[in-house]
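K.L.:
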Amino acid sequence: MSQMDTLDRNPVVVNPHSVQDIKVEHHHGAQQIIHQQEIVQATEPHHQQFEIIVQQPEGFDPLSGYQDALQLIQEQPSPTGFDPCFTTMPGDCDFSVSFDKMTSGGKNKHWDFSTKLHKLYIDMNKDVLASFNVGSQPTDGLVVRVLPIYAQAGFYRSPVKRCPNHASPEDPSNRDPIWSDKRDHLIRVANEFTIYDEDPQTKRLSVMIPVKQPSPGSTSFSAPIKFMCLGSDTGGINRKPVKLIFTLELGQGNVIGRQSVEVRICSCPKRDKKQEEERHDAEKIAAANR
33 MSQMDTLDRN PVVVNPHSVQ DIKVEHHHGA QQIIHQQEIV QATEPHHQQF
83 EIIVQQPEGF DPLSGYQDAL QLIQEQPSPT GFDPCFTTMP GDCDFSVSFD
133 KMTSGGKNKH WDFSTKLHKL YIDMNKDVLA SFNVGSQPTD GLVVRVLPIY
183 AQAGFYRSPV KRCPNHASPE DPSNRDPIWS DKRDHLIRVA NEFTIYDEDP
233 QTKRLSVMIP VKQPSPGSTS FSAPIKFMCL GSDTGGINRK PVKLIFTLEL
283 GQGNVIGRQS VEVRICSCPK RDKKQEEERH DAEKIAAANR
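According to the working numbering, the sequence shown is numbered sequentially starting from 33.
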């Protein structure tokens with residue numbers, strides 16, 4: 033019996049060569065069939081018509097997965113997202129961060145910086161002058177964001193916040209009404225134009241410092257920053273390692289420069305710096321002798 037005879041005797045059988053544009057999509061791990069309603073005309077002389085209806089789940093959009101993926105590809109990752117980048121990127125402005133003494137001749141007892149470990153050691157609620165290199169003529173509208181993150185895999189995605197004791201309204205550091213909605217922020221900046229930001233999705237807390245035009249002959253500007261909790265405070269940092277990500281942004285979220293620095297907030301910065309550098313040297317020697 034020929035193929036044509038089969039079709040003639042069985043009108044409910046559809047000629048597979050006459051069915052067009054039936055698509056199958058994979059969406060969220062389950063195979064879904066796109067709804068199409070077409071009238072397919074057989075090529076045989078009988079000109080029989082068959083209506084093919086394939087139902088789709090209610091509310092299913094076959095292009096939604098593709099559109100979501102395309103949007104993620106096109107968008108730059110947020111500097112305050114769940115997985116912020118901390119790779120150094122000087123960019124066109126040759127962006128960098130350094131820490132300077134408030135006075136050239138004064139003793140530096142409240143903070144210290146280890147060039148060997150690239151790490152800042154600082155006491156709680158004590159200022160350190162952060163100097164930001166942004167070039168001699170930076171573009172208008174630039175900001176420097178300072179974001180603290182936990183440099184530990186199990187807590188990397190958790191926002192860094194002050195401990196409940198220091199974040200309470202009764203703490204002396206929060207008596208000024210200006211801090212009523214910023215009590216959870218670990219970092220404070222002595223700059224009235226500073227923006228205290230919270231990512232609505234990740235809940236990460238950061239500060240945004242508007243870039244000032246450097247003085248003639250200079251390529252940097254400075255701002256005093258301080259940290260409002262100790263690294264040992266229970267319910268807060270609780271001895272987890274902390275890293276600061278400094279990003280130079282043209283408008284909010286558009287990163288054009290980046291640098292990261294480890295920080296330890298402690299009551300004896302110089303002692304802790306000395307101990308950690310000695311431990312680092314000992315580990316290097318031990319590794320070399322293996």
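Heads up, the beta-carbon is just placed ideally off N, CA and C, and yes, glycines get one too.
Suppose contacts are defined by Cβ-Cβ distances below 8 Å. Is residue 282 in contact with residue 180 by that definition?
P.N.:
No, Cβ-Cβ distance for residue 282 and residue 180 is not below 8 Å.
K.L.:
Leaving out five residues before and five after residue 133 in sequence, what residues of the same chain have Cβ atoms less than 6 Å from its Cβ?
P.N.:
Only 140 meet the Cβ criterion.
K.L.:
Could you please give me the residues that DSSP links to residue 143 through a beta bridge?
P.N.:
Partner(s): 154.
K.L.:
Taking its Cβ as the centre, do 16 or more other Cβ atoms sit within 10 Å of residue 313, making it buried, or is it exposed?
P.N.:
With fewer than 16 other Cβ atoms within 10 Å, it is exposed.
K.L.:
Please return the same chain residues whose Cβ sits closer than 7 Å to the Cβ of residue 175, not counting the five positions on each side in sequence.
P.N.:
These residues qualify, in order along the chain: 240, 241, 242, 243, 281.
K.L.:
Give me, in chain order, the residues of the same chain whose beta-carbon lies closer than 8 Å to that of residue 197; leave out the 5 immediate sequence neighbours on both sides.
P.N.:
These residues qualify, in order along the chain: 203, 265, 267.
K.L.:
May I ask you to report which of helix, strand or coil DSSP gives residue 289?
P.N.:
Reduced to three states, the DSSP call for residue 289 is strand.
K.L.:
Residue range of the alpha helix (DSSP H) that residue 308 falls in?
P.N.:
Counting along the chain, the alpha helix (DSSP H) containing residue 308 begins and ends at 301 to 320.
K.L.:
Tell me the start and end of each unbroken beta strand (DSSP E) in the stretch 227 to 294 that is at least 3 residues and wholly inside, in chain order.
P.N.:
Here the runs fully enclosed are 227 to 230, 237 to 242, 252 to 259, 274 to 282.
K.L.:
For a test of the three-state rule: what should DSSP assign to residue 201, helix, strand or coil?
P.N.:
Three-state DSSP puts residue 201 in coil, outside helix and strand.
K.L.:
State buried or exposed for residue 186, treating a residue as buried only when at least 16 other CB atoms are found within 10 Å of its CB.
P.N.:
Burial call: exposed.
K.L.:
Please report the distance separating the alpha-carbon of residue 248 from that of residue 165.
P.N.:
Looking at the two C-alpha atoms, the distance is approximately 14 Å.
K.L.:
Strictly by DSSP, which residues pair up with residue 162?
P.N.:
In the DSSP output, where bridge partners are listed per residue, residue 162 has 131, 255.
K.L.:
Among 191, 154, 256, 122, which residue has its Cα nearest to the Cα of residue 269?
P.N.:
It is 191.
K.L.:
To the nearest whole angstrom, what separates the beta carbons of residue 294 and residue 149, a pair I think is in contact under 8 Å?
P.N.:
Residue 294 to residue 149, Cβ: 7 Å. Contact.
K.L.:
What's the call for residue 279, buried or exposed, on a 16-neighbour Cβ count within 10 Å?
P.N.:
With 16 or more other Cβ atoms within 10 Å, it is buried.
K.L.:
Give the secondary structure of residue 342 by DSSP, where H, G and I count as helix, E and B as strand, and everything else as coil.
P.N.:
Within the shown structure, residues of the chain are numbered from 33 to 322, placing residue 342 beyond reach of any answer.
K.L.:
Using only the alpha-carbon positions, how far apart do residue 259 and residue 297 sit?
P.N.:
Looking at the two C-alpha atoms, the distance is approximately 7 Å.
K.L.:
Look at residue 254 and residue 178 and say whether their C-beta atoms are less than 8 Å apart.
P.N.:
No, Cβ-Cβ distance for residue 254 and residue 178 is not below 8 Å.
K.L.:
Taking only the alpha-carbon atoms, compute the straight-line gap between residue 223 and residue 125 and give it to the nearest angstrom.
P.N.:
Distance between the alpha carbons of residue 223 and residue 125 is about 22 Å.
K.L.:
Where do the N-terminal and C-terminal ends of the beta strand (DSSP E) with residue 175 fall, by residue?
P.N.:
That run of the beta strand (DSSP E) goes 174 to 182.
K.L.:
Which residues in the same chain as residue 272 place their Cβ atom closer than 7 Å to its Cβ, once the five residues preceding and following it in sequence are excluded?
P.N.:
Hits under 7 Å: 182, 184, 187.
K.L.:
Kindly indicate which residue of 231, 304, 172 has the alpha-carbon position closest to the one of residue 110.
P.N.:
Of the candidates 231, 304, 172, the one whose C-alpha sits nearest the C-alpha of residue 110 is 231.
K.L.:
Any idea if residue 147 is buried or exposed, counting beta-carbon neighbours within 10 angstroms, 16 or more meaning buried?
P.N.:
So residue 147 ends up on the exposed side.
K.L.:
Within the same chain, show all residues whose beta-carbon is closer than 6 Å to that of residue 194, passing over the 5 residues directly before and after it, in chain order.
P.N.:
Within the same chain, residue 194 has close Cβ partners 216, 218, 260, 261, 268.
K.L.:
By Cβ distance below 8 Å, which residues in the same chain neighbour residue 143 in space, the five residues on each side in sequence not counted?
P.N.:
131, 152, 153, 154, 155, 158, 160, 301.
K.L.:
Between the C-alpha atoms of residue 2 and residue 250, what's the straight-line distance to the nearest angstrom?
P.N.:
Within the shown structure, residues of the chain are numbered from 33 to 322, placing residue 2 beyond reach of any answer.
K.L.:
Out of 116, 214, 122, 163, which has the shortest C-alpha to C-alpha gap to residue 246?
P.N.:
Nearest option by C-alpha distance: 163.
K.L.:
Checking 8 Å against the spacing of the C-beta atoms, do residue 121 and residue 322 come in under that value?
P.N.:
Not closer than 8 Å, so no.
K.L.:
Between which residues of its own chain and residue 205 is the CB-CB distance below 8 Å, once the five residues before and five after are set aside?
P.N.:
Excluding sequence neighbours, residue 205 sits near 157, 198, 211, 260.
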